[in-house]
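For the sequence shown, my numbering begins at 82 and goes up steadily by one. Beta carbons: idealized from backbone N, C-alpha and C, even for Gly. Remember, it's a predicted structure, so these values are computed and weren't measured experimentally. Below is one structure, written out as structure tokens; the observations come after it.
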Amino acid sequence: MTINVNSALQAALGIVVFMVLVLPFSKDRHRIHWRLVAIAIGLQFLICWTMLKVPFVKEALVQTNLAVAALGSATLRGSSFVFGYLGGGEAPFSVTNPNRLVIFAFQVLPLLIVMSALSALLWYWRVLPLLIRSIAVIFEKTLAVRGPAGLVATANIFLGQTEAPLLVKPYLAGMTRHELLLVMTAGMATIAGSVMVIYAAMLGEFFQGAMGHLITKSVMSVPASVLFAHLLLPETEAKQQGLQTPPRIYQSTMDAITRGTSDGLSLYLNIIAILIVLTALVALANGLVAYLPEVAGAPLSLERIAGWVFAPLAWLMGIDWDEAQRVGSLLGVKSVLNEFVAFIQLSAMPAEALSDRSRLIAIYALCGFANLASIGIQISGIGSMAPERRSDLAALALPAFLAATLASCMTASVLAIVTS
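So this is what it looks like as structure tokens:
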């Protein structure tokens, strides 16, 4: 086994730098409990090592990729039944280039709808609530993250940034500012289970075991979110009482299937629309930037500019400097646009553009909802559940964005050290 000492040292430095970056914005540095910070970092290492190095756990995560393949195959049966060859069915003509027949909206994205319905079904059958509660107990014992905020932070491993707070809607109005920040940070530092399957399917074409890594990253993001929420806004108010079990949402199996399908359809259409708009806006912006003088013999673009800005962060995650600008470009796209566009660009990169190790680190850094659009989504989404806290949500949105971004960077650094 080759040990990459330089990469590990870079990543170790990155863990320190990421924490130092938030300290100037901390509301009360004297109340920071460094023991909690150390436990949160140690827990990330323990989770990463356990899920990637312990044989039977590693094998279990490998099996999740088989589940993704089975879901993809089943979804293609449904999409081809509805859309014919556009949805993956047999073409009624001679095909000279099969790759040109892969239509993203009809063959890849329908998996969102199926996964949304399946998630709702697993929730009604109490499978997901049991899993969430079991994981939440671990974080309660180690990080003292209790009550509604702890439940939401854990639920974000599987649910979206506005779906998870719905579980504790009656408790949102009474949360402390620290608890609200934790809820928002965890929401931006993770991704929903429905899109997780999509990303695993996209990345699986060139990266083996993608689903297992996405799950590992999401679990690691909980202690990372607790860490940065604590650094930015240490708890000074009395916490709420503990919440024992996640509430029941659906009334029957058919109710879960129909409502889950409806929610999935809404997400499906929203992603299609946002991809069209964001791709068009990037093209327009690049067209304008191209009028500026060339730099180093090449025209400027948003991707190149983002690469220069975010390259130091990429280097601090353990990525070689000659690849840091490419990963930095993806980080910029993820932060300004969204992670979906960034993952599409990562999937489209030629094999020689990034080493396998850099691709893996990039996956961890990109896996999260921390982008500018999420600020508006959380203020409006969570604000509609607790209108009286809208001003607090607006004030905490940018700190949550910063905390979630650095939380994802820290998980990538931890991965770089564990896999060195």
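Exercise. According to DSSP, is Met82 helix, strand or coil?
Worked result: No answer about Met82 holds up, because its pLDDT of 42 lies below 50 and its placement is not dependable.
Exercise. How big is the Cα-Cα spacing for Pro304 and Leu262?
Worked result: Distance from the CA of Pro304 to the CA of Leu262, rounded to the nearest whole angstrom, comes to 14 Å.
Exercise. If you draw a straight line from the C-alpha of Thr83 to the C-alpha of Ser501, how long is it?
Worked result: Reliability fails at Thr83, whose pLDDT of 48 lies under 50, so the model's placement of it is uncertain and the value that follows must be treated cautiously. So the alpha carbons of these two residues sit roughly 8 Å apart.
Exercise. Can you tell me whether Glu316 is buried or exposed, with buried defined as 16 or more other CB within 10 angstroms of its CB?
Worked result: buried
Exercise. Using the beta-carbon count (16 or more within 10 Å), is Val358 buried or exposed?
Worked result: exposed
Exercise. What is the C-beta distance between Ala446 and Ser306, in whole angstroms, given that I count them as a contact (C-beta under 8 Å)?
Worked result: Not quite, the Cβ-Cβ distance comes to about 15 Å (not below 8 Å), so this is no contact.
Problem set entry | Leu203 versus Leu104, Tyr166, Asn351 and Ile330, residue with shortest Cα-Cα distance | Ile330
Exercise. Measuring CB to CB, does Val264 end up less than 7 Å from Ala225?
Worked result: no
Exercise. On the three-pair Cβ rule with 8 Å, is the stretch 460 to 472 touching the stretch 271 to 289?
Worked result: no
For this session: Have a look at Ser436, Ala476 and Ala198 and flag the residue whose alpha-carbon is nearest the alpha-carbon of Leu348.
Result: Ala198
Exercise. For Val249, which three-state DSSP category applies?
Worked result: When secondary structure is reduced to three states using DSSP, Val249 falls in the coil class, being assigned neither helix nor strand.
Problem set entry | Start-to-end residues for the alpha helix (DSSP H) that takes in Thr160 | Note that residue 160 is Ser in the sequence shown, not Thr. Counted as a single uninterrupted DSSP element, the alpha helix (DSSP H) harbouring Ser160 occupies residues Pro136 to Phe164.
For this session: Taking only the alpha-carbon atoms, compute the straight-line gap between Val370 and Glu384 and give it to the nearest angstrom.
Result: 11 Å
For this session: Along the alpha helix (DSSP H) that carries Asp336, what are the first and last residues, could you check?
Result: Thr334 to Val370
For this session: Kindly identify the DSSP beta-bridge partner or partners of Ala379.
Result: For Ala379, the pairing in a beta bridge is given by DSSP as Val376.
Problem set entry | Met292, enclosing alpha helix (DSSP H) - first and last residue | Start and end: Ala291 to Leu313.
Exercise. Can you list, in chain order, the residues of its chain whose CB lies under 8 Å from that of Ala93, leaving out five sequence neighbours each side?
Worked result: Ser494 and Ile498
Exercise. From this set, Val103, Ala454 and Gly290, which residue's C-alpha is nearest Val143's C-alpha?
Worked result: Taking only the C-alpha atoms, the option nearest Val143 is Gly290.
Problem set entry | The alpha helix (DSSP H) enclosing Met256, as first and last residue numbers | Where Met256 is concerned, there is no enclosing alpha helix (DSSP H), because DSSP gives it neither an H nor an E.
Exercise. By DSSP, does Val176 sit in helix, in strand, or in coil?
Worked result: It is coil, neither helix nor strand.
Exercise. So what does DSSP say about Tyr280, is it helix, strand or coil?
Worked result: helix
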